[in-house]
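Each residue of the sequence shown is one higher than the one before, starting from 3 at the first, in full-length UniProt numbering. Below you'll find the structure, written out as structure tokens, and then a few comments.
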Amino acid sequence: QQNFDVTSVARKWRVDAKQTASPSELVNDLFSSDVLTLEQLKTRLSKPAYKSLQATAERGETLDASIADTVALAMKTWAMEKGATHYTHWFQPLTGSTAEKHDSFLNPSGEGVAIMSFSGKELIQAEPDASSFPSGGLRATFEARGYTAWDPSSPAFIIRHANGATLCIPSVFASWTGEALDLKTPLLRSIEALNKAVTPAMKLFGASEGTRVTSTLGAEQEYFLITEEYFYRRPDLVMTGRTLFGAKPPRGQELEDHYFGAIPDRVLSFMTDAEMQLYALGIPVKTRHNEVAPGQFEIAPIFENSNIAADHQQLIMQILRTTARKYGLVCLLHEKPFAGVNGSGKHCNWSMGTDAGENLLDPGDTPSENMQFLFFCSAVLKAVDDHQDLLRACVASASNDHRLGANEAPPAIISVFLGSELTDIFERVVSGKRGAGKAAGLMGLGSRVLPEIPVHAGDRNRTSPFAFTGNKFEFRAVGSSQSISFPITVMNAIVADAVSQLTAELEKKLKAKDATLDSAVAAVVSETYKKYERIVFNGDGYSDAWHQEAEVKRKLLNLRTTLDAISTLDSKKNVELFGKLGILNERELVARQEIMYDIYFKTINIEGETTEYMAQTQILPAALGYLAELGEIEVKSKAADGITKEVVGLSDQLYTALQALRKQNEALGGDEVHEKAHHMRDHVLPAMAKVRDAADGLEKVVSAKHWTLPTYRQMLFVK
Ligand code: ADP
Ligand code: MG
3 QQNFDVTSVA RKWRVDAKQT ASPSELVNDL FSSDVLTLEQ LKTRLSKPAY
53 KSLQATAERG ETLDASIADT VALAMKTWAM EKGATHYTHW FQPLTGSTAE
103 KHDSFLNPSG EGVAIMSFSG KELIQAEPDA SSFPSGGLRA TFEARGYTAW
153 DPSSPAFIIR HANGATLCIP SVFASWTGEA LDLKTPLLRS IEALNKAVTP
203 AMKLFGASEG TRVTSTLGAE QEYFLITEEY FYRRPDLVMT GRTLFGAKPP
253 RGQELEDHYF GAIPDRVLSF MTDAEMQLYA LGIPVKTRHN EVAPGQFEIA
303 PIFENSNIAA DHQQLIMQIL RTTARKYGLV CLLHEKPFAG VNGSGKHCNW
353 SMGTDAGENL LDPGDTPSEN MQFLFFCSAV LKAVDDHQDL LRACVASASN
403 DHRLGANEAP PAIISVFLGS ELTDIFERVV SGKRGAGKAA GLMGLGSRVL
453 PEIPVHAGDR NRTSPFAFTG NKFEFRAVGS SQSISFPITV MNAIVADAVS
503 QLTAELEKKL KAKDATLDSA VAAVVSETYK KYERIVFNGD GYSDAWHQEA
553 EVKRKLLNLR TTLDAISTLD SKKNVELFGK LGILNERELV ARQEIMYDIY
603 FKTINIEGET TEYMAQTQIL PAALGYLAEL GEIEVKSKAA DGITKEVVGL
653 SDQLYTALQA LRKQNEALGG DEVHEKAHHM RDHVLPAMAK VRDAADGLEK
703 VVSAKHWTLP TYRQMLFVK
């Protein structure tokens with residue numbers, strides 16, 4: 003553990019430190035200092051080049067390739083001033099993490115001489131050896147080439163390490179045949195699709211010509227920290243990111259004394275260091291606190307436009323991981339590192355906003371704002387109901403299955419929490435219409451059709467997977483370790499689809515004689531709410547009663563496991579949806595599905611084999627070693643006899659379970675990845691559970707001297 007000094011940390015992460023500045027002043031200077039913002043480029047580019055780049059970055063206009071050389075030169079100069087020696091296209095392959103391949107600026111230019119160069123061509127496109135990234139069959143190995151291409155809508159930045167720095171250029175990744183091989187391409191396409199779908203509606207609501215709409219996103223990241231030494235002594239954590247064994251400690255999270263409690267000193271030092279680096283990267287981290295489980299914490303930035311937010315979220319995960327090591331800690335981003343205590347999620351707060359800064363899901367103060375709000379809000383209800391399967395599928399993974407569908411927040415059933423006030427308002431819109439026949443005068447609020455809505459209506463409900471929280475929706479089913487790109491893509495897509503359909507309805511109604519915007523919107527909102535009311539649930543999402551009601555009465559989907567969820571991805575409905583919005587063609591969609599099967603299979607396969615290895619080489623030997631020691635006791639002792647019996651019983655149970663697991667690990671269930679994935683779920687996971695059962699029993703009786711694995715008590719409570 004290092005000595006921590008906030009000023010020196012701040013200074014380290016900025017380039018031209020003011021020796022006298024206080025930490026808070028430094029933060030101000032630090033923010034975005036390692037980002038090549040448009041503001042920065044303005045002073046480094048000619049006016050026409052800057053204008054052209056700005057049009058691409060801010061309004062999504064096609065990049066003018068002729069400015070590439072100028073921009074590349076400006077980028078290189080800036081990066082070298084910051085100490086960078088290398089550059090990389092920084093992209094998001096379908097692994098869910100980011101990828102980079104560094105090239106140095108160095109360019110030999112004669113005998114013993116070199117210049118530092120970076121051309122427009124190199125900026126715009128690169129060709130990493132793509133054959134090792136998952137492609138889901140999109141790329142046959144004989145044509146394994148893929149390329150990365152600069153995404154000018156997300157700014158370049160510097161990643162620092164102890165001995166230098168690298169210029170990172172946010173990029174997309176595609177095959178030479180033009181198919182997306184990454185998570186960012188469809189995200190960008192979905193942002194465009196949302197804009198295209200929402201602007202016609204905004205025009206009806208009187209938005210000015212040229213208004214652009216984009217989705218906004220703020221992701222709250224939960225994570226665990228444990229002492230590094232314990233991590234290295236747990237093969238399961240090293241190999242799989244979660245503990246495959248571990249008896250429940252005498253104290254779990256029952257005391258609820260950790261949540262929002264004082265942050266331990268070492269952790270606070272770590273957090274501050276990480277935040278300084280994130281500030282330098284222009285990431286507006288705002289909130290930090292202890293989470294529910296012991297050893298669990300949260301970090302949350304202020305929301306940004308969703309493309310930038312997705313890049314920044316990847317960087318947050320990376321910086322948390324690397325920084326923890328400097329403090330003798332390891333940051334666990336797995337959804338369920340420890341059985342029996344809360345898992346980690348990544349709540350994605352999603353909304354839509356205009357380029358003028360108007361939030362379309364903010365009720366606002368005037369009836370006309372309210373009307374617009376109710377229209378878009380009902381579109382979200384429709385979107386969620388029509389595409390429950392997609393929302394479940396986009397968060398599906400072997401690790402997230404330990405949260406969703408388990409007895410923990412949120413359930414695998416997708417529903418929307420509106421809160422009592424907003425629900426009441428929708429119900430009044432519905433009933434008012436029924437009563438009054440003609441929409442005008444509906445609520446007895448003078449001539450206004452729609453009621454005023456208290457700003458930031460919305461109580462709290464932790465058990466809902468998709469909750470309205472005053473001016474945005476919070477998608478809570480997203481897993482802590484996953485990229486948020488695909489979940490955002492899905493939210494953008496399904497809302498774009500719903501808004502388009504409702505806008506068509508609205509236009510139809512506006513054509514009727516005597517129609518006013520008020521009455522037409524009221525009619526659309528009322529009809530939509532009536533049709534999709536079943537998706538609204540404000541009660542306890544954990545309760546058995548809800549599972550019953552959701553399935554039997556409301557007929558909502560309950561896709562319990564990852565395999566149930568991802569099998570829906572290539573349905574006719576979903577192929578059509580992504581196709582017509584231009585987000586993913588059928589081949590691209592199916593490729594993603596294949597990769598999800600593959601990752602699911604591999605994840606559990608590794609867990610199964612790690613379980614076998616640890617039980618065989620660490621846990622059984624501990625039990626047998628202890629038995630041998632007990633056997634040496636010569637005095638007849640009730641205690642020794644009793645313990646011996648118990649250890650013998652549990653060891654035999656473990657041995658039997660281990661044999662069974664070994665068989666399942668070897669079987670694999672077939673040659674094809676779907677078969678293997680099902681084998682993992684239906685045979686390997688249950689066999690692992692039996693091994694764990696016996697092993698956790700042993701942990702409670704075998705002498706601590708023989709037990710080589712750090713326990714939950716140590717990992718969760720030593721700070
Ligand atoms: P909680 O009470 O759930 O912890 P906070 O009020 O701290 O929530 O906000 C959670 C996240 O929601 C933050 O990242 C915040 O910036 C984000 N948020 C706020 N408004 C919007 C919006 N219009 N669009 C997207 N995210 C938003
Ligand atoms: Mg939250």
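Glycine is no exception: its CB is placed at the ideal position from the N, C-alpha and C atoms. Here the structure is a predicted model, which is why all the values come from computation and not from measurement.
Check your understanding: Roughly how many angstroms separate the alpha carbons of Ser68 and Lys123, rounded to a whole number?
Key -> 10 Å
Point to revise | As assigned by DSSP and simplified to three states, the class of Cys379 | key: helix
Exercise for review: Assign Gly443 to one of two classes, buried (16 or more other C-beta atoms within 10 Å of its C-beta) or exposed (fewer than that).
Suggested key: For Gly443, the pLDDT reaches just 32, beneath the cut-off of 50, and the residue's location in the model is therefore unreliable, leaving the point undetermined.
Review point. Contact between the region 676-693 and the region 609-616: three or more CB pairs below 8 Å?
Key: yes
Practice item. Would you mind working out which of Asn30, Val73 and Tyr329 sits nearest Leu47, comparing C-alpha positions? Key: Val73
**Study point:** Same chain, Cβ closer than 7 Å to Glu507, neighbours up to 5 away in sequence not counted
**Key:** Val526
Check your understanding: Between the Cα of Thr505 and the Cα atoms of Ala51, Leu189 and Met204, which residue gives the shortest distance?
Key -> Met204
Check your understanding: Among the residues of its own chain, which have a CB less than 7 Å from the CB of Ile597, if the five just before and after it don't count?
Key -> Leu96, Pro136 and Gly138
Review point. Would a C-beta distance cut-off of 8 Å place Val382 and Phe475 closer than the cut-off?
Key: yes
Point to revise | Cβ-Cβ distance between Gly263 and Ala167 below 8 Å | key: no
Review point. Between the Cα of Asn560 and the Cα atoms of His291, Ser401, Gly342 and Pro413, which residue gives the shortest distance?
Key: Pro413
Exercise for review: Could you check which residue in Leu558, Val675, Ala617 and Ile645 has the C-alpha nearest to that of Thr710?
Suggested key: Ala617
Exercise for review: Starting from Gln42, follow the alpha helix (DSSP H) in both directions and report where the run begins and ends.
Suggested key: Leu40 to Lys44
Review point. Between Gly581 and Ala593, what straight-line distance do the alpha-carbon atoms span, to the nearest angstrom?
Key: 14 Å
Check your understanding: Can you tell me whether Asn309 is buried or exposed, with buried defined as 16 or more other CB within 10 angstroms of its CB?
Key -> buried
Review point. Looking at C-alpha atoms only, which residue of Ile285, Ile193, Gly330 and Arg147 is the closest neighbour of Tyr234?
Key: Gly330
Practice item. On the DSSP bridge assignment, give the partners of Cys333 in chain order. Key: Leu227
Check your understanding: Excluding five sequence neighbours on each side, which residues of the same chain lie with their C-beta closer than 7 Å to the C-beta of Val577?
Key -> Glu588 and Leu591
Check your understanding: How would you call Arg394, buried or exposed, if buried means at least 16 neighbouring beta carbons within 10 angstroms?
Key -> buried
Review point. How far does the beta strand (DSSP E) with Lys348 in it reach, from first residue to last?
Key: Lys348 to Thr356
Point to revise | Straight-line gap, Thr179 to Leu583 (C-alpha atoms, nearest Å) | key: 20 Å
Practice item. Compare the Cα-Cα distances from Asp387 to each of Lys348, Glu27 and Thr530 and report the closest residue. Key: Thr530
Exercise for review: Could you tell me if the beta carbon of Thr245 falls within a distance shorter than 7 Å of some heavy atom in the ligand ADP?
Suggested key: no
Practice item. Using only the heavy atoms of the ligand ADP, determine whether one of them is closer than 7 Å to the beta carbon of Leu467. Key: Contrary to the premise, residue 467 reads as Pro rather than Leu in this sequence. No.
Review point. On the three-pair Cβ rule with 8 Å, is the region 315-326 touching the region 214-225?
Key: yes
Practice item. Might you give, ordered along the chain, the residues of its own chain that have their beta carbon closer than 7 Å to the beta carbon of Leu670, omitting 5 neighbours on each side? Key: Lys678 and His681
Practice item. Anything with a beta carbon under 5 Å from a heavy atom of the ligand ADP counts; list them all in chain order. Key: Thr218, Gly220, Ala302, Ile304, Phe305, Asn351, Ser353, Asn361 and Lys474
Check your understanding: If you follow the alpha helix (DSSP H) that Lys533 is part of, which residue opens it and which one closes it?
Key -> Leu519 to Tyr534
Exercise for review: Please list the segments of the beta strand (DSSP E) lying wholly inside the region 606-651, counting only runs of 3 or more residues, in order along the chain.
Suggested key: none
Check your understanding: With DSSP run on the structure shown, which of helix, strand or coil describes His708?
Key -> coil
Review point. Which residue from Ala479, Asp367 and Val269 puts its Cα closest to that of Lys328?
Key: Val269
**Study point:** For Glu277 and Val287, believed in contact at Cβ under 8 Å, the rounded distance
**Key:** 5 Å
Exercise for review: Name the two residues that bound the continuous beta strand (DSSP E) containing Gly112.
Suggested key: Leu108 to Gly112
Practice item. Go through the region 646-696 residue by residue and report every complete run of the alpha helix (DSSP H) that reaches 4 residues or more, in order. Key: 675-681
**Study point:** Own chain partners of Ile490 with C-beta closer than 8 Å, once the 5 adjacent residues on each side are dropped
**Key:** Leu189, Ser192, Ser217, Leu219, Ser308, Ala311, Ala312, Cys350 and Trp352
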